[in-house]
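*Asks:* Residue numbers (our numbering): 2 to 326.
Note that the Cβ used here is the ideal one computed from N, Cα and C, for glycine as well.
The structure follows.
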Ligand code: F6P
């Protein structure tokens, strides 16, 4: 039997999380990710590849799997009676599931991040975060990242890994298909302080702000350049996949505000991409900024707001922030 010596996600939740409603919610999200993993794996067989005729709130063509993943995630929230509101990348308005009471949960999620990778069989993922309603009848879902209770993601790659933090440890659990469980395989993940790998979409170089151009130029100038060492570059075009690599072996991820995306405020979405990943990054000892300021300290102003993102090994992130000032 595989995985016999690894603790299961449900056992860990039962031991570490005192609120039974939060345990129920996290179990439900893990099982939604499992269902999405299955749908991703069989998408070609199920005729679920390509695009639909609809676009989401971002103006991006929705894939059948985007819609299916959203439905699977929302169905999983259904029995969780303390979930007051859900904010999904795929749905324009916040979905209110009950009249909000203090302490109820707000779940923000991107059901299938990096979905352009599906048709070429590369890694995609689901990102989520949980915060709480501050006061009775409070309709405010736009909370700062500092207020999060939990953030996590699932990566659907060669294996399915569910990464979770309650703000202290960051743990990774691999889906064991034989045991029908997520088992702890990457305990206490830490992002190394220094890095020699960066991730950025280089095709946008002509639009970059000067500090980003300078940072990348310094990195690629190698041992004879100002950094005095060789850097490697990787870009998967799936935030979950690029982030998972950085969480596992260090590095820095950049999707800056640039000349082209400036009017929209950047490319990545604050509520269900940047904030959850920033929360995980800080819990793993790294840093996450919009280029200058900590993402977790930004006050969101709109559900589908975009933002510049620089995150990963804190030495590199601080260097880029210093160059912006
Ligand atoms: O926001 C969606 C997303 O696919 C992210 O997962 C990824 O980091 C980024 O966009 C890829 O952007 P680009 O298309 O510029 O490579």
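Below 8 Å on the Cβ atoms is my guess for residue 137 versus residue 103; work out the distance and round it to an integer in Å.
*Replies:* Start at 1 with the first residue of the chain shown, and residue 137 comes out as number 136. Start at 1 with the first residue of the chain shown, and residue 103 comes out as number 102. So it is a contact: roughly 5 Å between Cβ atoms.
*Asks:* Does residue 242 come out as helix, strand or coil in the three-state DSSP assignment?
*Replies:* For this step, residue 242 is matched to residue 241 along the chain shown. It is helical.
*Asks:* Quickly, what does DSSP pair residue 154 with across the bridge? List them, please.
*Replies:* Your numbering for residue 154 matches position 153 in the chain shown. Note: residue 154 sits in a beta bridge opposite 128 and 164.
*Asks:* Along the beta strand (DSSP E) that carries residue 253, what are the first and last residues, could you check?
*Replies:* What you label residue 253 is simply residue 252 of the chain shown in a count that begins at 1. First-last of the beta strand (DSSP E) with residue 253: 253-256.
*Asks:* Work out the CA separation of residue 266 and residue 258 for me, nearest whole Å.
*Replies:* Within the chain shown, numbered from 1, the residue matching residue 258 stands at position 257. Within the chain shown, numbered from 1, the residue matching residue 266 stands at position 265. Approximately 6 Å between the Cα atoms of the pair.
*Asks:* By how many angstroms is the C-alpha of residue 291 removed from the C-alpha of residue 196?
*Replies:* On the chain shown, residue 196 is found 195 positions in, with the first residue counted as 1. On the chain shown, residue 291 is found 290 positions in, with the first residue counted as 1. In a straight line, the C-alpha of residue 196 is about 19 Å away from that of residue 291.
*Asks:* Give the straight-line distance between the Cα atoms of residue 198 and residue 101, rounded to the nearest whole angstrom.
*Replies:* Working through the chain shown from its first residue, we reach residue 198 at position 197. Working through the chain shown from its first residue, we reach residue 101 at position 100. Roughly 44 Å between the two C-alpha positions.
*Asks:* Which residues mark the beginning and the end of the alpha helix (DSSP H) in which residue 170 is found?
*Replies:* The residue labelled residue 170 in the question sits at position 169 within the chain shown. Segment: none, residue 170 is in no alpha helix (DSSP H) and carries neither H nor E.
*Asks:* Relative to the C-alpha of residue 70, which candidate in 60, 78 and 113 has its C-alpha closest?
*Replies:* If you number the chain shown from 1, residue 70 lands on position 69. Ranking the options by Cα distance to residue 70, first place goes to 113.
*Asks:* Specify the secondary structure class of residue 118 as computed by DSSP and reduced to three states.
*Replies:* Along the chain shown, one-based indexing puts residue 118 at 117. DSSP places residue 118 in helix when its eight states are reduced to three.
*Asks:* Can we say the stretch 158-165 touches the stretch 297-308, given the rule of at least three CB pairs closer than 8 Å?
*Replies:* Contact fails: fewer than three Cβ-Cβ distances are below 8 Å.
*Asks:* Using alpha carbons as the reference points, say which of 18, 166, 20 and 145 lies closest to residue 153.
*Replies:* Walking along the chain shown from the start, residue 153 turns up at place 152. When only C-alpha atoms are compared, the closest one is 166.
*Asks:* Can you find the residues in the same chain that come closer than 6 Å, C-beta to C-beta, to residue 311, ignoring five residues on each side of it along the sequence?
*Replies:* Position 310 of the chain shown, counting from 1, holds the residue named residue 311. Here the set comprises 255, 290, 292, 318 and 321.
*Asks:* Would you identify the three-state DSSP class for residue 32, choosing helix, strand or coil?
*Replies:* The residue labelled residue 32 in the question sits at position 31 within the chain shown. Residue 32 falls in the helix class under three-state DSSP.
*Asks:* Quick one: grab the DSSP three-state call for residue 9.
*Replies:* By one-based count along the chain shown, residue 9 stands at place 8. The answer is strand: DSSP assigns residue 9 an E or B state.
*Asks:* Nearest to residue 144 by CA position, among 220, 273 and 179, is which residue?
*Replies:* Counting from 1 along the chain shown, the entry for residue 144 is found at position 143. Comparing Cα-Cα distances from residue 144 to each of 220, 273 and 179, the minimum goes to 273.
*Asks:* Mind checking which residues open and close the alpha helix (DSSP H) that includes residue 66?
*Replies:* Reading the chain shown from its first residue, position 65 is the one you call residue 66. Residues 65-78.
*Asks:* Is the closest heavy atom of the ligand GTP to the C-beta of residue 116 under 8 Å?
*Replies:* Within the structure as shown, the ligand GTP is missing, the only ligands being the ligand F6P.
*Asks:* Does the pairing of the stretch 40-49 with the stretch 220-240 give three or more beta-carbon distances under 8 Å?
*Replies:* Judged by Cβ distances under 8 Å, the stretch 40-49 makes no contact with the stretch 220-240, as fewer than three pairs qualify.
*Asks:* In angstroms, rounded to a whole number, what distance separates the CA positions of residue 325 and residue 216?
*Replies:* Here the question's residue 325 lines up with position 324 in the chain shown. Here the question's residue 216 lines up with position 215 in the chain shown. The straight-line gap from Cα to Cα measures roughly 10 Å.
*Asks:* Helix, strand or coil: how does DSSP classify residue 38 here?
*Replies:* Against the chain shown, residue 38 aligns to sequence position 37. Correct three-state label for residue 38: helix.
*Asks:* Exposed or buried, residue 121, counting other C-beta atoms within 10 Å across all chains shown (16 or more means buried)?
*Replies:* One-based indexing of the chain shown puts residue 121 at position 120. With fewer than 16 Cβ atoms within 10 Å of its Cβ, residue 121 is classed as exposed.
*Asks:* Just checking residue 243 against the ligand F6P - is the residue's beta carbon closer than 8 Å to any of the ligand's heavy atoms?
*Replies:* Looking up residue 243 in the chain shown gives position 242. Residue 243: yes, Cβ under 8 Å from the ligand F6P.
*Asks:* For the alpha helix (DSSP H) that residue 43 lies in, which residues bound it at each end?
*Replies:* By 1-based counting over the chain shown, the position of residue 43 is 42. From DSSP, residue 43 is part of no alpha helix (DSSP H); its letter is neither H nor E.
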